[in-house]
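Undergrad: Line order of the protein sequences matches chains A and B.
Going by my numbering, the residue at position 117 of the first sequence is 121; the numbering climbs one at a time, nothing skipped.
Going by my numbering, the residue at position 319 of the second sequence is 323; the numbering climbs one at a time, nothing skipped.
Glycine included, every Cβ here is placed at the ideal spot set by N, Cα and C.
Bear in mind the structure is a predicted one, so any value in this text is a computation, not a measurement.
Below are the C-alpha cells for one structure; questions will follow.
2 protein chains.
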Amino acid sequence: MDNSVGIVQAQHANFDQPLTCLSSGVLPRYDLAYETYGSLNADKSNAILICHALSGNHHVAGTYADDPKNVGWWDNMVGPGKPVDTNRFFVLGLNNLGGCHGTTGPSSIDPRSGQPYGSNFPMMTVEDWVESQARLADRLGIKQFAAVMGGSLGGMQAMQWAITYPERVRHVLAIASAPCLTTENIAFNDVARNAILTDPDFHGGDFYQHGVVPTRGLRLARMLGHITYLSDDAMAGKFGRGLRSGKYKFGYDIEFEVESYLRYQGDKFASYFDANTYLLMTKALDYFDPARHTEHNLAHAFAPIQAGFLVVSFSSDWRFSPDRSREIVKALLHNRCNISYAEIQSRHGHDSFLMQDEQYFAVMRNYLDNIAREVSR
Amino acid sequence: MDNSVGIVQAQHANFDQPLTCLSSGVLPRYDLAYETYGSLNADKSNAILICHALSGNHHVAGTYADDPKNVGWWDNMVGPGKPVDTNRFFVLGLNNLGGCHGTTGPSSIDPRSGQPYGSNFPMMTVEDWVESQARLADRLGIKQFAAVMGGSLGGMQAMQWAITYPERVRHVLAIASAPCLTTENIAFNDVARNAILTDPDFHGGDFYQHGVVPTRGLRLARMLGHITYLSDDAMAGKFGRGLRSGKYKFGYDIEFEVESYLRYQGDKFASYFDANTYLLMTKALDYFDPARHTEHNLAHAFAPIQAGFLVVSFSSDWRFSPDRSREIVKALLHNRCNISYAEIQSRHGHDSFLMQDEQYFAVMRNYLDNIAREVSR
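Given below as C-alpha cells:
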C-alpha cells in the first residue's frame, strides 16, 4: 500500500518515577508501549498525539513485519497523504496505563509482590493517563503538541489535555466524544462490568494465579458493547432478521445472523483482551466529568483552555450523540475558543468515527491541513 | 381501595389434550393459571383477554388475601371505573405456557420422566400461546372476546389472535408493540440469553436437579432489560450522575445511583423468576413475525383480520418505537380495518405502557367505553 506508513515497530519507555493516581493508588514504576510515524521536525512542533478508546492501543497505523495482517486501528486516517499526514506530522500513539498490549497493566508483574497486579492495580482516570502521556512527551522532547486527538474515550483524553496542560496543546480534535457519560452509558458499562465481576473465573481480579480467564464475562461485555457501537439502522441493514439456516430451529444455538456476528465478536475479543483492563477502561469512562469540579458548569471547567478545537459527531451515534458534542461546543464558545464543529450524516452509529466516510474525512483533512500550515517543515 | 378489584384468587385449568407446538415439541398435558375479574354477562359477550409481556403473569389486578402487597401488574388499568372497567367487562388474565407462576413450565414435572421439564420443555411461540388461550376460552364458554389486549409481547399475542381466530376477536388493543422484533431487539435478547446459557449454574437448562439456580445470568439479563425498558431521558432524570456516597470511591462496588437501581432490580428478579422461562419468553419475542409467511408483506399477513384495532405507541420507547406501531397501522389500513392510533408523548420509554399517563388512559378509556356500549349488560 503506497499510502501506508508501512512496517512499524512498537517501542517501550520505562518510567522509574512513581505515578500517584487520582484514586491515591500508586504505580511505583511503569512501561508505556508506543509507536511513532513520520519525523519530528527541528523545533519539535509537528507532533500529534493520538489517544485510544476502550479497546484500542498504540498500534494506530501500519503493520508489523512478523504480523502483516495486523493493521493499526486508525490506519485509514493516519499515513502519508492521509488526513493525519505522516509526511508532515510526527504521530505518536501509545497504549494507556492499565492496558494489556505492552503498557503496564493489571496483568503485569507488581515489583512489590512479584505477582501480577490483578486487583491491586490502581483505578485509572483520564487525568492519570494525561499525566503519563505528558511524561512520555517530556521523554521525547515534545513541549507542545500540534494536536491531541481521539474518538470516544480518546476524545475525552484530548479534552483533558487542553484543560490540564493548556500551553502544551495547540489543537484538540474530539471525535464522537462527550463531556461525560450519560446515565444510560454508565448503566450499560455497569452491566458489562457485572458480567465480568460475577464470572466465577474472575476470582476478584486475581485470576492470573488461578490459571483461568473470565472469558464468559468478557464475551458478554463485548457482545453488549457491539450493540451500542452500532445504530439500530446499521444492524437492520447489515443483518435484518436473516436466519443462519433459512428457518427457525427452535433452540438456543445461533439462529439469527446477528447472533452469529455478536458471538463471533465476543469470542474473538475474549481470546485476547484482559478482563481487568476492560473493567478499568469502562470506569475511566464513567469517571470522566471535568465539570464535577465546577458545580457542573462545563464552560467554567473549560476556562483554562487555549487550544483550537475540532468537534465531530455522527447523526446515528446514540451512545455519544450529537447533543453531547454540542454541549462541548457550547461550553467552548462561552470561553471564546476557536472552534469548528461538524455533524456528519452517518448510519454506522458510534463506530462511525472509525469508518472512512467522505464528508468526515474531508472535514478532518481540512482542519489538519490548516494545522500543518502553522507548523514549520 | 374503592376502585380496586380487591382480593382475588388464582384459578387453575387442567388440559389433558396434548398440545403440539409450532416447534413440533409436544406437551402431553398442562395446567394454566388464570384470574378473572368482573362477571361474564348472559350471552358471554363482555370478556376481555389480557395477555402478559416478558415477565408478567395472570395476576393482572387486585391483591391476594395472604399477600396484600402483591398488587397485579396492570392494576392501574383494570378495575371498577378504570379504563378496563370490571363493572362492565369480564376480564381474564392467564400465565402463559412456559411460565413460572402456576402454569406448566420448565420447572414443572414432566409426567413422562417424573423430573422437571428443564431443557425438555418445548420452545414456545406466540402462536402456541394463542392456541392454549383459545382452549381456555372454550373451557370458560367464551366464543368471542369483546377485546384481546396487551402491551409489548402481550400486544403481539393480541395481534396473533386476530389473525388465527378472526371471528373470535371483536377488538385488539396493541400497546407499545411491533409486527416483529428489530435486529437490535434480537441482539439484546441474545446477550441476555447468553448471560443465562453460559452461567455455570445453568447446566444446560437442567439446573433443578443440581439444586442450583443460574442467578448470575438471570440478574445480568434483567439489568440489561431494565436499561432498554427506560428511555435515556428517563434514566437521566431519575438518577443523573448521582453518586451513592457523594464522591468517587474508585472501586467496583456500587458508586452511581443507577448502578444501585440496576443491581437491586437484577437481584430481586433473579430471586423469583425461572431462568428457562426467561429464555423461552425472549425466544417467543424473536420468533413472532406474522409476515414471514407472506414474503415479508405485513398487509398480506393481516388479510384475515376482522377485528377493530386500537394501536398505541410512546414517543420515548426506543425498544418498540412509534415507527413499528405505524407499520402495524399501515398494514391494517391496507386491509380497510377499523383502526385508531395514538402516539403518546411520554418520557418513560417502553415502560410507559405500564404507567398511568393522563392522555394514554383517556385514549384507552374512550376506546374501551365504545366497546362496552356494543356489549349487552
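Please return the same chain residues whose Cβ sits closer than 8 Å to the Cβ of phenylalanine 206 of chain B, not counting the five positions on each side in sequence.
TA: Within the second sequence, the letter at position 202 stands for residue 206 of chain B. For phenylalanine 206 of chain B, where only same-chain residues beyond five positions count, the Cβ hits under 8 Å are Ile200, Pro218, Gly221 and Ala279.
Undergrad: Of all the options B/Arg33, B/Ser356, B/Arg139 and B/Ala191, which has the alpha carbon lying nearest to the alpha carbon of tyrosine 268 of chain A?
TA: Here residue 268 of chain A refers to the residue found at position 264 when the first sequence is read from its first residue. If we check each option's Cα against that of tyrosine 268 of chain A, B/Ala191 comes out closest.
Undergrad: Apart from the five residues just before and just after phenylalanine 357 of chain A, which ones in its own chain have a Cβ nearer than 6 Å to its Cβ?
TA: Along the first sequence, read from residue 1 onward, the residue named residue 357 of chain A stands at position 353. The answer, listed in chain order, is Gly155, Ile179 and Ala180.
Undergrad: So, helix, strand or coil for proline 120 of chain A, using DSSP?
TA: Translated into positions along the first sequence, residue 120 of chain A becomes position 116. The answer is strand: DSSP assigns proline 120 of chain A an E or B state.
Undergrad: Given that arginine 197 of chain B touches chain E, what residues does it touch there, using C-beta distances under 7 Å?
TA: Looking for chain E here will not work: the only protein chains present are A and B.
Undergrad: Beta carbons nearer than 9 Å to chain A: which residues of the region 276-293 of chain B have them?
TA: From the region 276-293 of chain B, only Leu283, Lys287, Asp290, Tyr291 and Asp293 have a Cβ closer than 9 Å to chain A.
Undergrad: When you compare each of B/Leu234, B/Tyr233, B/Leu228 and B/Leu284 to glycine 255 of chain A by their alpha carbons, which one comes out closest?
TA: Position 251 of the first sequence, counting from 1, holds the residue named residue 255 of chain A. When each option's Cα is compared against that of glycine 255 of chain A, the closest is B/Leu284.
Undergrad: What are the start and end residues of the beta strand (DSSP E) that includes threonine 40 of chain B?
TA: Within the second sequence, the letter at position 36 stands for residue 40 of chain B. First-last of the beta strand (DSSP E) with threonine 40 of chain B: 34-41.
Undergrad: Could you pull out every residue in the same chain whose Cβ sits closer than 7 Å to the Cβ of threonine 24 of chain A, ignoring the five residues on either side in sequence?
TA: Translated into the one-based positions of the first sequence, residue 24 of chain A becomes position 20. Result list for threonine 24 of chain A: Val30, in chain order.
Undergrad: Which residues in the same chain have their Cβ closer than 8 Å to the Cβ of serine 275 of chain A, if we skip the five residues on either side of it in sequence?
TA: Stepping through the first sequence from its first residue, residue 275 of chain A is reached at position 271. Cβ neighbours of serine 275 of chain A beyond the five flanking positions: Thr219.
Undergrad: Let me know the alpha helix (DSSP H) ranges lying completely inside the region 121-159 of chain B, each 4 residues or longer, listed in chain order.
TA: Here the runs fully enclosed are 130-143.
Undergrad: Mind checking the region 222-247 of chain B against chain A and listing, in chain order, the residues whose C-beta falls within less than 7 Å of any C-beta there?
TA: Within the region 222-247 of chain B, the qualifying residues are Leu224, Met227, Leu228, Ile231, Asp236, Met239, Ala240, Phe243, Gly244 and Arg245.
Undergrad: Hey, how far is the Cα of methionine 5 of chain B from the Cα of histidine 56 of chain B?
TA: The sequence position of residue 5 of chain B within the second sequence is 1, counting from 1. The sequence position of residue 56 of chain B within the second sequence is 52, counting from 1. Any answer about methionine 5 of chain B is weak, because its pLDDT of 49 lies below 50 and its placement is not dependable; what the coordinates show is given next. Rounded to the nearest angstrom, the two C-alpha atoms are 24 Å apart.
Undergrad: May I ask you to report which of helix, strand or coil DSSP gives aspartate 361 of chain A?
TA: For the purposes of this step, residue 361 of chain A is identified with residue 357 of the first sequence, where counting begins at 1. Here aspartate 361 of chain A sits in coil by DSSP.
Undergrad: With a 10 Å radius around its C-beta and 16 neighbouring C-beta atoms as the bar for buried, classify glutamate 171 of chain B as buried or exposed.
TA: Indexing the second sequence from 1 puts residue 171 of chain B at position 167. It counts as exposed.
Undergrad: In angstroms with no decimal places, state the Cα-to-Cα distance between lysine 48 of chain A and glutamine 148 of chain A.
TA: Mapped onto the first sequence, residue 48 of chain A falls at position 44. Mapped onto the first sequence, residue 148 of chain A falls at position 144. So the two alpha carbons sit approximately 8 Å from each other.
Undergrad: I want to know whether the region 39-54 of chain B touches the region 100-118 of chain B - three or more CB-CB distances under 8 Å.
TA: Output reads no: the region 100-118 of chain B does not touch the region 39-54 of chain B.
Undergrad: Hey, is leucine 185 of chain B's beta-carbon within less than 9 Å of any beta-carbon in chain A?
TA: Translated into positions along the second sequence, residue 185 of chain B becomes position 181. So, interface residue.
Undergrad: Please return the same chain residues whose Cβ sits closer than 7 Å to the Cβ of alanine 196 of chain B, not counting the five positions on each side in sequence.
TA: For this step, residue 196 of chain B is matched to residue 192 along the second sequence. Here the set comprises Ala225, Leu228, Gly229 and Thr286.
Undergrad: Grab the span of the beta strand (DSSP E) containing asparagine 18 of chain A for me, first residue to last.
TA: Taking the first residue of the first sequence as 1, we reach residue 18 of chain A at position 14. Start and end: 15-19.
Undergrad: Determine the chain B residues that contact arginine 220 of chain A at a beta-carbon separation under 7 Å, and present them in chain order.
TA: Taking the first residue of the first sequence as position 1, residue 220 of chain A is located at position 216. Chain B residues near arginine 220 of chain A: Thr202.
Undergrad: Check the Cβ-Cβ distances between phenylalanine 260 of chain B and every residue of chain A, and say whether any is below 9 Å.
TA: In the second sequence, residue 260 of chain B corresponds to position 256, counting from 1. Yes, its Cβ sits closer than 9 Å to a Cβ of chain A.
Undergrad: Out of A/Asn99, A/Val262 and A/Val316, state which residue places its alpha-carbon closest to the alpha-carbon of glycine 240 of chain A.
TA: Taking the first sequence and counting its residues from 1, one reaches residue 240 of chain A at position 236. Note on identity: in this sequence residue 240 of chain A is alanine, with glycine being the wrong assignment. The candidate whose alpha carbon is nearest that of alanine 240 of chain A is A/Val262.
Undergrad: Got a sec? Which residues, its chain only, sit under 6 Å from methionine 81 of chain B by beta carbon, not counting five neighbours each side?
TA: Taking the first residue of the second sequence as 1, we reach residue 81 of chain B at position 77. So the list reads Pro87 and Val88, once near-sequence residues are dropped.
Undergrad: Less than 9 Å between CB atoms is the rule here; does serine 111 of chain A satisfy it with respect to chain B?
TA: Looking up residue 111 of chain A in the first sequence gives position 107. Judged by the 9 Å Cβ criterion, serine 111 of chain A is not in contact with chain B.
Undergrad: Quickly, what does DSSP pair leucine 31 of chain A with across the bridge? List them, please.
TA: What you label residue 31 of chain A is simply residue 27 of the first sequence in a count that begins at 1. Leucine 31 of chain A is bridged to A/Leu23.
Undergrad: What residues in its chain sit with their C-beta under 6 Å from that of aspartate 79 of chain B, if we drop five residues either side in the sequence?
TA: Here residue 79 of chain B refers to the residue found at position 75 when the second sequence is read from its first residue. Taken in chain order, the residues that qualify are Ala65.
Undergrad: What does a CB cutoff of less than 6 Å around methionine 359 of chain A pick up in its chain, not counting 5 residues either side in sequence?
TA: Position 355 of the first sequence holds residue 359 of chain A. Excluding residues within five positions, the ones whose Cβ falls inside 6 Å are His352.
Undergrad: Give the DSSP-derived three-state secondary structure of alanine 196 of chain A in the structure shown.
TA: Residue numbering aside, residue 196 of chain A sits at position 192 when the first sequence is read from its first letter. Correct three-state label for alanine 196 of chain A: helix.
Undergrad: Let's see if you can read the secondary structure: which residues bound the alpha helix (DSSP H) around phenylalanine 243 of chain B?
TA: Locating residue 243 of chain B in the second sequence gives position 239, counting from the first residue. Here the alpha helix (DSSP H) through phenylalanine 243 of chain B covers 236-243.
Undergrad: Quick check: what's the CA-CA separation for arginine 223 of chain A versus tyrosine 282 of chain A?
TA: The residue labelled residue 223 of chain A in the question sits at position 219 within the first sequence. The residue labelled residue 282 of chain A in the question sits at position 278 within the first sequence. Each residue's Cα considered, the two are about 11 Å apart.
Undergrad: Which residues in chain A sit within 7 Å of tyrosine 252 of chain B, going by Cβ to Cβ distance?
TA: If you number the second sequence from 1, residue 252 of chain B lands on position 248. Under the 7 Å cutoff, chain A gives Tyr291.
Undergrad: Just the C-alpha distance for valine 173 of chain B and glutamate 131 of chain B, rounded to the nearest angstrom, thanks.
TA: Residue mapping note: residue 173 of chain B aligns to position 169 of the second sequence, counting from 1. Residue mapping note: residue 131 of chain B aligns to position 127 of the second sequence, counting from 1. Their backbone Cα atoms lie some 15 Å apart in a straight line.
Undergrad: List the residues of chain A whose Cβ lies closer than 8 Å to the Cβ of isoleucine 190 of chain B, in chain order.
TA: Numbered from 1 along the second sequence, position 186 holds the residue referred to as residue 190 of chain B. Correct list: Arg245, Phe260, Val262 and Glu263.
Undergrad: Residues in the region 14-37 of chain A with C-beta within 9 Å of chain B's C-beta atoms, listed in sequence order?
TA: Per Cβ criterion, the list reads Cys25, Leu26, Ser27, Ser28 and Gly29.
Undergrad: Under 8 Å Cβ-Cβ, which residues of chain B neighbour methionine 127 of chain A?
TA: Your numbering for residue 127 of chain A matches position 123 in the first sequence. Phe254 and Gly255, listed in chain order.
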